[in-house]
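Working notes, beginning with the structure itself.
In the working numbering, the protein residues as written are 2 to 226.
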């Protein structure tokens, strides 16, 4: 069942990536909010490798492919900080447009990447593991630590989603963040090891919808000028 879920998620990510490409083409490529395309690609890779694991079989190739999942997680996930900040810019919040805020967000993103690369990725010891018919390489014992990067990004997304809800009457960004909290419910109903991946997709769907919504508002404002 889990293999089917990962395959379906991979297909779903391809679809929303294409939608994201169309949005970027419409609004322009030189736009910070387009970083979500990189995040979507990384999640497509993550789910794709999990879906193909048992077909590739245990060995060095699969271990390296799984190791890339952790590297992408470290490099790409913090880019969501930039997206979160840019939603405030798109909402026309003047303080968010200040240069010092922009550079603080860039600095925060770099700090989260560096922290993950220094403290987590180098000490990862991957071991083969079968779970619900899915073969992957997972962290060995002692490799886990407090998910500081994820906590930081989640707080940033939560705060900005509340502001966007208040400022632009758009609740779906906030709902997407809340979807990360339904992991235990999904696990209880489906008896799967993929609830986190499902909730990630729901979050990215909400984020992409938020970009489309804000692009529409900006376009309308430009037309009325």
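Yeah, the Cβ is synthetic: ideal placement off N, Cα and C, and Gly gets one too.
(request) Grab me the residues of residue 143's own chain with a C-beta within less than 6 Å of its C-beta, minus the 5 sequence neighbours each way, in chain order. (result) Here residue 143 scores only 49 on pLDDT, less than 50, and its place in the model should not be relied on; the value that follows carries that caveat. Taken in chain order, the list of residues that qualify is empty.
(message) I need the boundaries of the alpha helix (DSSP H) containing residue 75, first residue and last residue.
(response) 61-77
(request) May I have the straight-line CA-CA distance separating residue 131 from residue 137, to the nearest angstrom? (result) 7 Å
(request) Report the residue from 178, 135 and 90 whose alpha carbon sits nearest the alpha carbon of residue 156. (result) 178
(message) DSSP three-state label for residue 130, please.
(response) strand
(message) Between the alpha carbons of residue 26 and residue 80, how many angstroms are there, rounded?
(response) 20 Å
(message) The alpha helix (DSSP H) that contains residue 105, what's its start and end?
(response) 100-120
(request) In angstroms with no decimal places, state the Cα-to-Cα distance between residue 95 and residue 88. (result) 12 Å
(message) If the criterion is Cβ atoms closer than 8 Å, does the pair residue 14 and residue 52 meet it?
(response) no
(request) Report the rounded CA-to-CA distance for residue 203 versus residue 182, giving the unit in angstroms. (result) 11 Å
(message) Using the three-state DSSP reduction, which class does residue 136 fall into: helix, strand or coil?
(response) strand
(request) Report all residues from its chain with a CB closer than 7 Å to the CB of residue 224; omit the five preceding and five following residues, and keep chain order. (result) none
(request) Over the uninterrupted alpha helix (DSSP H) stretch that includes residue 3, give me the two end residues. (result) 3-28
(request) Confirm, please, whether the CB-CB distance from residue 127 to residue 68 is below 8 Å. (result) yes
(request) Grab the span of the alpha helix (DSSP H) containing residue 208 for me, first residue to last. (result) 196-224
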